[in-house]
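In the working numbering, the protein residues as written are 2 to 169.
Laid out in structure tokens, this is it:
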């Protein structure tokens with residue numbers, strides 16, 4: 002997901018991912034499919050949906066779109082920019098969508114996110130989180146009715162979801 006800020010803004014997820022990971026590994030920039038956060042969110046989502054559909058179409062038939070999806074989650078149970086009650090929890094027609102500014106999580110800026118139609122089209126999903134509160138939330142998620150669970154509980158993958166949690 003990406004916040005609707007310029008790619009060089011301190012709030013940009015792309016900037017953080019590039020500085021901390023992508024600039025340190027041998028990956029060609031042409032293989033990075035960045036959300037165009039400099040566009041209005043609806044346009045950026047439409048463009049990214051097209052990029053993801055092209056990418057999916059280039060995969061061998063029957064293969065998932067992604068080998069691995071790496072996710073975190075917030076204390077409200079959101080993942081990517083799919084927030085509880087935000088209207089995107091059940092979106093399956095689009096691979097990417099504009100998300101309104103979240104009310105409960107800062108920064109309160111519009112976002113563009115992959116939907117579960119894209120996130121769950123993976124071989125494996127990894128969920129990473131630290132902090133006692135997130136560990137407790139994960140435990141509640143695993144013990145609850147899936148229909149009443151927050152968005153992070155709706156992450157699926159063909160070969161399963163592995164959770165990596167640390168209290169601190």
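For glycine and all other residues, C-beta sits at the position ideal for the given N, C-alpha and C.
Here DSSP, grouped into helix, strand and coil, assigns residue 3 to strand.
For the options 59, 32, 53, 111, the alpha carbon positioned closest to that of residue 95 is the one of 53.
Just so you know, the alpha carbons of residue 160 and residue 102 end up roughly 33 Å apart. DSSP, reduced to helix, strand and coil, places residue 23 within a helical segment of the structure shown. Annotation for residue 69: the continuous beta strand (DSSP E) segment containing it runs 67-72. Assignment of alpha helix (DSSP H) within the region 83-168, counting only whole runs of 4 or more residues, yields 117-120, 133-144 in chain order.
Cβ neighbours of residue 37 within its own chain (closer than 6 Å, five residues either side excluded): 45, 48.
Contact between the region 97-113 and the region 138-156 is not established, with fewer than three Cβ pairs separated by less than 8 Å.
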